[in-house]
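J.: Residue numbers (the working numbering), protein chains in the order written: chain A, 917 to 1034; chain B, 605 to 1066.
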């Protein structure tokens, strides 16, 4: 059975890019443009991993993360952001991996594989 | 008859001495010099002619007399030496007052011994002459037969005189010290007029020392204030450095989000093109890349806008018209957010300035208000003249700005908006203050709303 990934990202072009790239790896990818929509998908679908942006309208990444941890403590979360700054206090947030966006999408793919135990 | 003439001569000399002392004391605020003048005056030959003179200061907290200064020989041998040396210098009384503290006569035994003396008053009996002088504030003449009353350290230095006079030193109506003089080595009896003169000189000394101490205190306070000022300056410099760091931090945050995101997207889609032959996909990716490049360009323009404000092209323009243009331009935003936009600008109200730049100012202010006003709220733009200025106010009944944030709103890259860049108000400040020599003021109350007031000098007063 295919593993499912939820990508929460406000920039449309990045949603297209990352979902296509992850689908290429054989995953089913759901996307959401903000935290609220993302949480709804987590409730409705069987999600195995979340890729989460930080700076988003409505509900930002950190608030979303705290809600996810409240609902499904064991759901792996990768923070995928353009900001390198938050990395220093990322450990206290409870996400599994903090990854700074770069032109090398393979980094993301590898971390996804690692967390899904493949 | 001859005796009378001598007495008159003495009196004349004493008056001359007093006059010279007063004159010298009036010219100085230097405590050491004042003490030197007093002690020299008391011991100068031909006038009061005391052999030695010493002054001690009363330390209230320690209840003791200390910080003594003395002038004069320790014993008769030194007395002979000093008087001979003094004769050789040929110094006048004025010279002695002005420069005497720079020459050291004899072996300085007496001054050194005086310097070391500390008289603890609670160790001296209450009825001792010293305590009587300090308590009652009067002169005490100690005769030879009473010398046993002296504390041992004083007795050691004043053992030779047949009379020792203790006089209180008053500074600002308080007994603040003790002057001791004696007639050692010549043993002439001390006359009543001499004691009166002594008292007069000590009164002058008290006045001069009072002024000098007040001056010292003021000087010390001034130095302390200067020190504080220096510290404050350092703190301010440190703070402005911190602020700059914070601004740089904000700038890098801005770069991270606004520049890195499109770059990453462009890189991703470019790599997809390189790995596919699917023309439709290549076309779609190129379109996305083009969009992202345009976004990047717009952001860069925004940044440039901040660093480069063109030279203003000033003209008189109707503010009413500009506000109308903005109203039309922003109508959709007002409608979708359910916000009322009102104008209170007289139709003939004009501003002398760069119309394009000031339109940007008004736009930024209204745009800011839009983000803080809730549905059903209002934004008003007002125009009026005030003391040589043409003023435009943009007011709203939005959530207001906290006191803490109010200080930061003009700092580049400061923003509380999730999507804001934090340059809008910085640009407003630069356009109004730098290019129009005007003023920007912000009045805000949390929960009630905000008013930003722009004042541009009237034509001819800019």
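Every residue gets a Cβ at the ideal spot worked out from N, C-alpha and C, and that includes glycine.
1) Which value, in whole angstroms, describes the spacing of the CA atoms of residue 614 of chain B and residue 693 of chain B?
2) From residue 1027 of chain A to residue 860 of chain B, what does the alpha carbon distance come to, in whole angstroms?
3) Look at the Cβ atom of residue 984 of chain B, then the Cβ atom of residue 948 of chain B, and state whether they are nearer than 9 Å.
4) In its own chain, which residues sit with a C-beta less than 6 Å from the C-beta of residue 999 of chain B, not counting the 5 before and 5 after it?
5) Can you name the residues of chain B whose CB is closer than 8 Å to the CB of residue 998 of chain A?
6) Provide the residue span of the beta strand (DSSP E) that contains residue 945 of chain A, from first to last.
7) For the alpha helix (DSSP H) that residue 989 of chain B lies in, which residues bound it at each end?
8) Expressed to the nearest angstrom, what Euclidean distance is found between the alpha-carbon atoms of residue 1020 of chain A and residue 872 of chain B?
9) Could you tell me whether any Cβ in chain B is nearer than 9 Å to the Cβ of residue 953 of chain A?
10) Would you verify that the beta carbon of residue 929 of chain A is, or is not, closer than 9 Å to some beta carbon of chain B?
11) Would residue 1014 of chain A count as contacting chain B if we go by Cβ distances under 9 Å?
12) Quick check: is the beta carbon of residue 935 of chain A nearer than 9 Å to any beta carbon in chain B?
13) Any C-beta of chain A within less than 8 Å: which residues of the region 882-900 of chain B qualify?
14) Taking its Cβ as the centre, do 16 or more other Cβ atoms sit within 10 Å of residue 1022 of chain B, making it buried, or is it exposed?
15) Three-state secondary structure (DSSP) at residue 893 of chain B?
16) What residues from chain B crowd round residue 956 of chain A, counting only those whose CB sits closer than 7 Å?
17) Tell me the residue span of the alpha helix (DSSP H) that contains residue 982 of chain A.
18) Relative to the C-alpha of residue 789 of chain B, which candidate in B:767, B:775 and B:633 has its C-alpha closest?
19) Would you kindly check if the distance between the Cβ of residue 660 of chain B and the Cβ of residue 672 of chain B is under 9 Å?
20) Strictly by DSSP, which residues pair up with residue 1028 of chain A?
21) Can you tell me whether residue 793 of chain B is helix, strand or coil according to DSSP?
22) Can a CB atom of chain B be found closer than 9 Å to the CB of residue 1019 of chain A?
23) Since I believe residue 893 of chain B is in contact with residue 863 of chain B (beta carbons under 8 Å), could you give me their beta-carbon distance rounded to a whole number of angstroms?
24) Is there a Cβ from chain A that is less than 9 Å from the Cβ of residue 966 of chain B?
25) Cβ atoms of residue 772 of chain B and residue 765 of chain B: under 9 Å apart, would you say?
26) For residue 684 of chain B, name the three-state secondary structure that DSSP assigns.
27) Tell me which residues share the same chain as residue 701 of chain B and place their Cβ nearer than 8 Å to its Cβ, disregarding the 5 neighbours each side in the sequence.
28) What is the C-beta distance between residue 631 of chain B and residue 786 of chain B, in whole angstroms, given that I count them as a contact (C-beta under 8 Å)?
29) Please tell me whether residue 971 of chain A and residue 949 of chain A are closer than 9 Å, where the distance is taken between their beta carbons.
30) I'd like to check one pair, residue 987 of chain B with residue 995 of chain B: are the Cβ atoms closer than 9 Å?
31) Just how far apart, CA to CA, sit residue 924 of chain A and residue 900 of chain B?
32) Which two residues bound the contiguous beta strand (DSSP E) that contains residue 772 of chain B?
33) Can you give me the start and stop residues for the beta strand (DSSP E) that residue 1061 of chain B sits inside?
34) Report the residues of the region 970-1002 of chain B with a CB closer than 7 Å to any CB of chain A, ordered along the chain.
35) Enumerate, from N- to C-terminal direction, the unbroken alpha helix (DSSP H) stretches of 4 or more residues contained entirely within the region 607-682 of chain B.
36) Ignore the nearest five residues each way along the sequence and tell me which others in residue 647 of chain B's own chain have a CB closer than 6 Å to its CB.
T.: Let me lay it out:
1) As a working note, residue 614 of chain B is residue 10 in the second chain. As a working note, residue 693 of chain B is residue 89 in the second chain. Using only the alpha carbons, I get a separation of about 23 Å.
2) Along the first chain, read from residue 1 onward, the residue named residue 1027 of chain A stands at position 111. Along the second chain, read from residue 1 onward, the residue named residue 860 of chain B stands at position 256. The straight-line gap from Cα to Cα measures roughly 22 Å.
3) Taking the second chain and counting its residues from 1, the one referred to as residue 984 of chain B is at position 380. Taking the second chain and counting its residues from 1, the one referred to as residue 948 of chain B is at position 344. Residue 984 of chain B is a Cβ neighbour of residue 948 of chain B, given a cutoff of 9 Å.
4) Translated into the one-based positions of the second chain, residue 999 of chain B becomes position 395. For residue 999 of chain B, same chain residues with a beta-carbon under 6 Å away, outside a window of 5 residues either side, are 984 and 1055 in chain order.
5) As a working note, residue 998 of chain A is residue 82 in the first chain. Chain order gives the chain B residues near residue 998 of chain A as 860, 861, 864, 865 and 868, where near means a beta carbon separation below 8 Å.
6) The residue labelled residue 945 of chain A in the question sits at position 29 within the first chain. Run containing residue 945 of chain A: 944-948, per the beta strand (DSSP E) assignment.
7) In the second chain, the residue the question calls residue 989 of chain B occupies position 385. Run containing residue 989 of chain B: none in the alpha helix (DSSP H); it sits in the beta strand (DSSP E), 982-990.
8) Indexing the first chain from 1 puts residue 1020 of chain A at position 104. Indexing the second chain from 1 puts residue 872 of chain B at position 268. Approximately 8 Å, taken between the alpha carbons.
9) Translated into the one-based positions of the first chain, residue 953 of chain A becomes position 37. So, not an interface residue.
10) The count along the first chain starts at 1 and reaches residue 929 of chain A at position 13. It does; some Cβ of chain B falls within 9 Å.
11) By 1-based counting over the first chain, the position of residue 1014 of chain A is 98. Residue contact check for residue 1014 of chain A against chain B: no CB pair falls below 9 Å.
12) For the purposes of this step, residue 935 of chain A is taken as the residue at position 19 of the first chain. With a threshold of 9 Å between beta carbons, residue 935 of chain A makes no contact with chain B.
13) Answer set for the region 882-900 of chain B: 892, 895 and 896.
14) Here residue 1022 of chain B is taken as the residue at index 418 of the second chain, counted from 1. Low per-residue confidence applies at residue 1022 of chain B: pLDDT is 48, beneath 50, and the placement is therefore not dependable enough to give any value.
15) Along the second chain, one-based indexing puts residue 893 of chain B at 289. Here residue 893 of chain B sits in helix by DSSP.
16) In the first chain, residue 956 of chain A corresponds to position 40, counting from 1. Within chain B, no C-beta atom comes less than 7 Å from the C-beta of residue 956 of chain A; the nearest is roughly 20 Å away.
17) By one-based count along the first chain, residue 982 of chain A stands at place 66. Per DSSP, residue 982 of chain A belongs to the alpha helix (DSSP H) from 977-987.
18) The residue given as residue 789 of chain B occupies position 185 in the second chain. The shortest Cα separation from residue 789 of chain B among B:767, B:775 and B:633 belongs to B:767.
19) Here residue 672 of chain B refers to the residue found at position 68 of the second chain. Here residue 660 of chain B refers to the residue found at position 56 of the second chain. In contact: residue 672 of chain B and residue 660 of chain B (Cβ atoms closer than 9 Å).
20) Taking the first chain and counting its residues from 1, the one referred to as residue 1028 of chain A is at position 112. In the DSSP assignment, residue 1028 of chain A is bridged to no other residue.
21) Within the second chain, the letter at position 189 stands for residue 793 of chain B. Collapsing the DSSP output to three states places residue 793 of chain B in coil.
22) Numbered from 1 along the first chain, position 103 holds the residue referred to as residue 1019 of chain A. Yes, residue 1019 of chain A counts as interfacial toward chain B.
23) On the second chain, position 259 is the one that residue 863 of chain B refers to. On the second chain, position 289 is the one that residue 893 of chain B refers to. The C-beta separation of residue 863 of chain B from residue 893 of chain B comes to about 15 Å, leaving the pair out of contact by the 8 Å criterion.
24) The count along the second chain starts at 1 and reaches residue 966 of chain B at position 362. So no, residue 966 of chain B is outside the interface.
25) Here residue 765 of chain B refers to the residue found at position 161 when the second chain is read from its first residue. Here residue 772 of chain B refers to the residue found at position 168 when the second chain is read from its first residue. Taking a C-beta distance under 9 Å as the contact criterion, residue 765 of chain B and residue 772 of chain B do not qualify as a contact pair.
26) Here residue 684 of chain B is taken as the residue at index 80 of the second chain, counted from 1. Taken through DSSP and simplified to helix, strand or coil, residue 684 of chain B comes out as helix.
27) The residue you call residue 701 of chain B lines up with position 97 of the second chain. Cβ contact annotation for residue 701 of chain B (same chain, cutoff 8 Å, sequence separation greater than five): 624, 625, 628, 640, 641, 644 and 645, in chain order.
28) By one-based count along the second chain, residue 631 of chain B stands at place 27. By one-based count along the second chain, residue 786 of chain B stands at place 182. Incorrect: roughly 29 Å between the Cβ atoms, too far for contact.
29) Locating residue 971 of chain A in the first chain gives position 55, where the first residue counts as 1. Locating residue 949 of chain A in the first chain gives position 33, where the first residue counts as 1. Judged by their CB atoms, residue 971 of chain A and residue 949 of chain A are not nearer to each other than the 9 Å cut-off.
30) One-based indexing of the second chain puts residue 995 of chain B at position 391. One-based indexing of the second chain puts residue 987 of chain B at position 383. Yes, these two residues count as a Cβ contact at 9 Å.
31) Residue mapping note: residue 924 of chain A aligns to position 8 of the first chain, counting from 1. Residue mapping note: residue 900 of chain B aligns to position 296 of the second chain, counting from 1. Rounded to whole angstroms, residue 924 of chain A and residue 900 of chain B show a C-alpha spacing of 22 Å.
32) Translated into positions along the second chain, residue 772 of chain B becomes position 168. DSSP places residue 772 of chain B in the uninterrupted beta strand (DSSP E) bounded by 767-775.
33) Locating residue 1061 of chain B in the second chain gives position 457, counting from the first residue. First-last of the beta strand (DSSP E) with residue 1061 of chain B: 1053-1061.
34) Here the close residues number zero.
35) For the region 607-682 of chain B, whole alpha helix (DSSP H) runs of length 4 or above, ordered along the chain, are 635-647.
36) Reading the second chain from its first residue, position 43 is the one you call residue 647 of chain B. For residue 647 of chain B, where only same-chain residues beyond five positions count, the Cβ hits under 6 Å are 654, 657, 675 and 676.
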